[in-house]
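Chains as they are written, first to last, in this note's numbering: chain B, 3 to 544; chain Z, 679 to 996; chain V, 99 to 410.
Glycine residues also receive a C-beta, built at the ideal position from the N, C-alpha and C atoms.
In this text the structure is predicted, and so the values were computed from the model without any measurement.
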Amino acid sequence: MAQEDSGRGLSRRSFVKLAAAVAGAALPLGWQQALAEEGVLKIVHLTLNPDWSPLRGGGSHYNWQSLIWASPMYFDPEGNIHPYLFTSWQPNEDWTVWTFDIHPDAVFSDGTPITAAHVKGSWELNARPSTRNQRIDLVLSSVAGFSDVHTGGARELSGVRIVNDKQIEVTLEGPDPIFDLKIANQLAPIVKVEDVVDENGDAKEEWWQPANGLVVSGPFRPTLVDMTTGQVEYEPNPLFFGPAPALTRVELMPIEDTVVAVAALQKGEFDAHTELRVPNLIEQLGEEFASGPEIPKGQHFWLSTRTAPTDDPKVREALILAIDREGLKTVTIGDGPSKKAEQVLNAVSGVDPDFEPYPFDPERARQLLAESSYGAPENLPSLMMVGISAPEFEAAAQYIAEQWRQNLGIDSVQMKPQIDAYSGPDQGNVQIFRDDVATRVPDAVVYLMASIHSQSSNAQNKMGGYRNEKVDALLEEASMLPPSDPRRDELAREAQRLFRNDYVFIPWYHEVVPKSAMPRVHNFGRSLDLNVSEPWKITVGG
Amino acid sequence: MLLFVARRVLVWIPSLLLILFVVYALAFYGAGDPIKLIFLKAPGDVAYNEARIEAVREAAGLDRPFIAQFASYVGNLLQGDWGNSLITGQPVWRTIAAAAPVSGQLGLATIILTTLIAIPLGVIAALNQNGKLDYITLGAALAVGAIPPYVVGPILMVSLILLLPPGSIPYGWGGIFDVRVILPLLVLCMAPVSIIVRQTRAAVIEVMNDDFIRTARAKGLPERIVVLRHMMRPVLTPVVTQLGIIMISLVNGAIFVELVFGLPGLGRLAVQSTVDNDYPVILAVTLIGAALVMLSNLVVDLAYPLLDPRAHAARSDR
Amino acid sequence: MTAVVEEDVSLVRDAWRRLRANRLAVVGLCYIVLLVVVAVAGPWISPYDFLSQDVTMRSAPPSLVHWMGTDQLGRDVLSRVIYGARTALIVAVVVTGISLAIGIVLGAIAGYVGGRLDAFIMWLTDVTMSVPSLLLVIVINTSLKPPLQRWLDELFLATKNPIFRDTMWLDFVLVFGAMTLILWPPYARLVRGQILSIRNRNYVTAARALGLPARTIVRRYIVLNAIGPVIVAVSAGLGAAMVLESAFSFLGIGVTLPTPSWGNMISDGLRVWRNAPHLLAAPAIVLGLATIAFSFLGDGLNDALNPRQKHR
């Protein structure tokens with residue numbers, strides 16, 4: 003049929019195409035874009051992002067860095083490390099000098115080979131305060147010369163040495179046996195520095211806009227970053243030095259209202275979401291959407307040791323013991339993929355199987371309150387909880403407050419909901435902070451350093467300057483040991499047990515990194531870095 | 679006339695200055711240090727470094743006394759520099775310039791739509807006073823005005839998503855003539871339409887029994903001409919005076935509608951900046967909102983005597 | 099003199115008669131009275147404590163045990179709606195009352211004294227009315243709450259007086275304060291306008307010529323004639339204050355969790371309305387009806403007190 007017609011100009015195929023075009027044109031403009039297509043991944047984004055710079059070490063767009071940037075190494079969803087931009091790495095005997103080899107074929111999307119100079123320049127750029135990379139400390143803090151750049155105004159990382167185009171040598175301040183684990187993420191991407199920085203060495207404004215000649219290193223590259231509507235589009239990077247990606251396009255569109263986002267996903271208009279926090283996620287979008295590998299991340303409530311009345315350890319213990327955390331689990335995470343937590347550590351080898359969980363003991367709690375310096379619930383100043391910024395947090399906070407009301411007779415608990423965002427400890431009397439602690443390095447010591455060591459932001463801000471010198475000492479000692487040494491995890495566990503007896507936190511739950519994509523999306527496994535591990539493998543449909 | 683306008687515009691300066699001062703003071707003394715807040719909001723694994731915070735604060739000029747900061751803010755404002763967002767580092771005017779046209783177009787469209795829908799409805803209701811049509815229209819207007827916009831918006835939106843065929847999410851901004859704007863406009867119009875229908879109806883009723891109308895009728899003129907020629911002017915008057923109130927309800931309603939329907943306008947910007955304690959943006963948005971309302975009041979005052987010559991003398995006695 | 103007194107009484111009775119004839123207004127009035135009764139009697143008639151959670155019965159639809167169902171934490175919705183009525187009415191009444199008081203004082207001064215003071219007060223109303231109110235309230239709330247909170251806590255620790263500890267009323271005070279800041283100008287202008295127009299009316303001039311004391315003039319003529327529009331404005335104002343309060347608590351300012359307010363119940367309900375529609379329906383309907391009721395009442399009062407309309 004087609005052959006017969008082709009001579010006469012309007013074959014059946016082209017007629018169908020014409021009809022489709024007419025129908026498509028007749029469809030109202032905005033609606034056309036959202037028709038489902040095979041090979042295209044459509045993602046609902048959280049919010050209208052004003053800043054798409056990959057150098058922030060976080061932000062709502064962080065989850066999609068791996069689409070366009072090749073990290074030095076990457077973790078797979080099971081927690082195994084893989085070479086990527088760096089093909090091999092080698093520490094010296096005392097863990098103070100690391101040598102990395104760069105992939106011989108690694109190039110940017112404009113063909114420029116990625117060299118050691120790019121690596122050094124990018125690390126320096128990321129370390130500068132003007133770049134505002136939130137988490138650069140987690141990556142490069144052990145490198146010699148880091149603090150000079152980070153707080154001192156120096157331009158160069160003295161500990162990083164270019165051996166040749168494809169090899170780089172890093173000297174550390176002290177032994178760090180897990181330095182390799184610390185760089186296996188998207189926190190400090192390697193960029194084409196000479197295009198990115200201005201004459202002062204700072205990143206140019208909006209250098210990450212495709213219109214400004216952005217070059218990337220990953221399987222895709224951005225073709226559209228619209229700041230008004232928030233829409234972003236990626237297409238395959240033809241010069242990517244890894245396997246060619248299976249997708250033909252990736253589109254992001256922001257939908258801030260979660261109810262609408264859920265409806266859109268259910269309808270099939272979109273395939274994935276950046277980070278969806280709604281109650282009943284499993285009911286609404288299915289188990290596959292909501293599940294994933296457990297990652298070293300937990301949501302808990304932290305008690306300030308500086309503000310009354312939680313500065314009294316008996317009060318803290320009373321508050322913790324008075325909560326039925328089974329009920330807390332039912333009301334908040336239900337039977338979902340997240341797991342109820344008893345200790346800080348999870349999803350790392352150092353998890354403590356003998357950790358003694360906090361019991362639910364309202365009798366003892368009342369007794370402790372009576373023994374405390376306040377004596378009775380009426381004498382306690384009002385308790386304030388902050389960080390209550392999402393529906394599940396509200397539910398948890400209200401549940402906990404009610405437990406305290408019923409079991410301890412405390413009736414003055416305040417919680418800060420959406421707009422009334424946050425009040426830091428130096429701004430008043432907040433005693434209870436809901437916050438998460440996590441690590442991008444699958445190691446118990448790093449996890450605890452970020453959560454209970456007195457130098458961590460968590461200890462300083464959420465626990466009101468909590469400081470247990472023994473805990474600090476144990477963690478510091480452990481951090482010198484290689485991962486293969488069982489003492490490393492042992493010391494971590496001991497530190498955590500000491501921390502338990504200080505009664506400074508209310509354990510809540512441990513998180514999984516949800517797939518956050520519908521079942522028709524395949525090979526979408528995410529790692530503890532929250533990014534898709536192998537984005538070139540993603541397929542949609544079928 | 680020109681003098682009148684000039685005098686009014688001159689009064690704007692102290693007004694805006696006062697508003698600016700109050701909001702600035704509130705944000706400065708109450709909301710807390712925005713730089714510290716940025717660091718405090720960061721998740722637990724981000725390091726807390728006092729030295730770094732101090733360095734950033736100094737760079738942003740946040741360690742100077744209040745008056746110094748306020749004065750330099752106003753000074754910069756007069757030169758066209760609205761400051762940079764504390765969160766993104768981008769110049770504020772650019773963020774505003776991106777968001778303002780969206781809200782502006784929405785506002786204009788709402789006013790036009792409201793006028794087109796509400797005035798005829800109000801007239802019809804008045805002409806059928808106490809009849810069935812009157813009760814229905816009045817009832818509908820009241821019901822529509824009673825439902826908060828933040829309830830209707832999401833419900834309508836989600837219902838539409840689920841009921842309509844694929845490829846049709848009424849979300850996001852595609853320009854004022856894009857089909858996706860229908861739903862948000864509908865929701866935005868609800869409150870103003872409700873008010874104007876009732877106002878128009880009341881005004882028409884009041885005027886209908888006035889002497890000059892009776893004279894016109896006694897003269898034997900057809901009803902239609904009576905309505906059109908004699909009633910329109912006094913009818914439009916209360917509507918125009920309501921414009922100020924409509925503007926205010928628009929500005930407030932816009933916040934909810936923009937959030938729910940994903941329109942990147944000033945309302946959404948306002949909410950976002952208050953959550954982030956981004957005071958340069960908060961200040962800028964407040965100023966613009968206030969200036970808009972003052973402008974519409976000025977327009978109303980200028981239009982008033984055109985509509986109702988009797989009001990000309992009473993202008994000073996608002 | 100008796101003739102004048104009779105006139106007073108029959109004016110009020112006349113208005114009341116007209117109001118009663120207006121069916122819609124009566125319906126509105128009844129609903130509002132019902133709300134008031136429920137609000138006042140709240141603690142005694144609520145079937146459950148509005149805070150207590152029953153973890154076994156979460157998000158239950160309306161049933162004989164829970165007439166309006168339960169929310170995600172197992173709390174009885176009806177009890178929370180009743181408590182929400184208290185919140186709504188307290189806020190509406192107090193805010194309108196204070197705004198009215200401020201408005202009357204300032205409006206009267208502006209009307210009587212005139213001149214520069216009048217111009218200044220009018221300028222103040224202009225400025226206040228121009229600011230986007232929602233924004234202003236949000237800013238006020240986020241700025242003033244932490245330092246006030248701190249101050250209250252210090253007071254508590256110093257005096258151990260439980261009044262300072264129960265900071266729920268701080269929410270109320272901040273909301274009231276912010277709202278009165280926005281709502282007083284219309285009252286001031288109204289009062290000023292009335293005073294200006296009445297002051298020069300013939301009967302006042304006549305009374306003055308007759309030598310009646312100023313106090314009597316004010317009471318008998320000015321207040322009675324001015325009060326009509328003010329009553330209408332108050333009725334509309336109460337409705338507006340209620341809606342405004344719900345908008346604020348919807349955004350998370352003012353009345354905060356776990357204290358129920360129709361606004362924050364609506365905001366919670368919106369998140370789950372597809373699975374548990376009763377959580378949205380209950381507060382939304384109650385609030386909507388209240389708004390309509392105030393509208394009916396306001397229109398009815400307007401018709402009753404300003405009888406210019408005649409039926410065709």
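Any idea which residues DSSP pairs residue i with across the strands?
| i | result |
| --- | --- |
| Z/Gln943 | Note on identity: in this sequence residue 943 of chain Z is Gly, with Gln being the wrong assignment. Paired residues: none, contrary to the question. |
| Z/Val963 | Paired residue(s): none; Z/Val963 is not in a bridge. |
| B/Ile508 | B/Phe303 |
| B/Val545 | In the structure as shown, chain B begins at 3 and stops at 544. Residue 545 of chain B is therefore absent and cannot be evaluated. |
| B/Trp91 | B/Phe102 |
| B/Leu174 | B/Val145 |
| B/Leu226 | B/Glu235 |
| B/Lys341 | B/His512 |
From residue i to residue j, what does the alpha carbon distance come to, in whole angstroms?
| i | j | result |
| --- | --- | --- |
| Z/Leu681 | V/Phe218 | 20 Å |
| Z/Pro942 | B/Leu48 | 14 Å |
| B/Ser143 | B/Leu321 | 36 Å |
| B/Pro484 | B/Thr98 | 12 Å |
| B/Phe77 | B/Lys44 | 24 Å |
| V/Val102 | V/Ala305 | Confidence at V/Val102 is low in this model, with a pLDDT of 49, below 50, so the placement of that residue is unreliable and no value is reported for it. |
| V/Ala208 | V/Met220 | 8 Å |
| B/Lys168 | Z/Ala948 | 49 Å |
| B/Lys285 | B/Thr332 | As written in the sequence, residue 285 of chain B is Glu, which differs from the Lys given in the question. The alpha-carbon atoms of B/Glu285 and B/Thr332 are separated by roughly 15 Å. |
| V/Leu127 | V/Ser333 | 11 Å |
| B/Thr260 | B/Leu532 | 20 Å |
| Z/Val689 | Z/Leu914 | 27 Å |
| B/Met520 | B/Glu290 | 7 Å |
Would you mind sorting residue i into buried or exposed? The rule is 16 or more other CB atoms within 10 Å of its CB.
| i | result |
| --- | --- |
| B/Pro359 | exposed |
| Z/Asn754 | exposed |
| B/Lys517 | buried |
| V/Met227 | buried |
| B/Arg327 | buried |
| B/Trp370 | A small correction: the amino acid at residue 370 of chain B is Leu; Trp does not occupy that position in the sequence shown. B/Leu370 is buried by the Cβ-count criterion. |
| B/Ala403 | buried |
| B/Asn187 | buried |
| V/Asp397 | buried |
Under a three-way DSSP split, which group does residue i fall into?
| i | result |
| --- | --- |
| V/Lys243 | helix |
| B/Phe102 | strand |
| V/Val179 | helix |
| V/Trp282 | helix |
| Z/Thr792 | helix |
| V/Arg214 | helix |
| Z/Asn762 | strand |
| B/Leu29 | Below a pLDDT of 50, predicted positions are generally treated as unreliable, and B/Leu29, at 37, falls in that range; the measurement from the model is reported next regardless. Here B/Leu29 sits in coil by DSSP. |
| B/Val199 | strand |
| B/Glu358 | coil |
Can you check which of these residues, the options, is closest to residue i by C-alpha distance?
| i | options | result |
| --- | --- | --- |
| Z/Arg797 | Z/Leu976, Z/Phe748, Z/Val882 | Residue identity differs from the one stated: residue 797 of chain Z is Ile in this sequence, not Arg. When each option's Cα is compared against that of Z/Ile797, the closest is Z/Val882. |
| B/Val162 | B/Pro224, B/Trp209, B/Ser111, B/Phe102 | B/Phe102 |
| B/Asp504 | B/Ala372, B/Ser351, B/Asp487, B/Trp304 | B/Trp304 |
| Z/Leu842 | B/Ser132, B/Gly203, B/Gly215, B/Ala265 | B/Ala265 |
| V/Arg290 | V/Ala324, V/Pro311, V/Leu268 | V/Ala324 |
| B/Tyr401 | V/Gly172, V/Leu246, V/Val384, V/Arg297 | V/Gly172 |
| B/Gly300 | B/Ala190, B/Ser453, B/Glu201 | B/Ser453 |
| B/Lys194 | B/Glu208, B/Leu216, B/Asp182 | B/Leu216 |
Quick check: is any heavy atom of the ligand COA less than 7 Å from the C-beta of residue i?
| i | result |
| --- | --- |
| Z/Leu805 | For the structure depicted, the ligand COA is absent and the ligand set is empty, with no information on it obtainable. |
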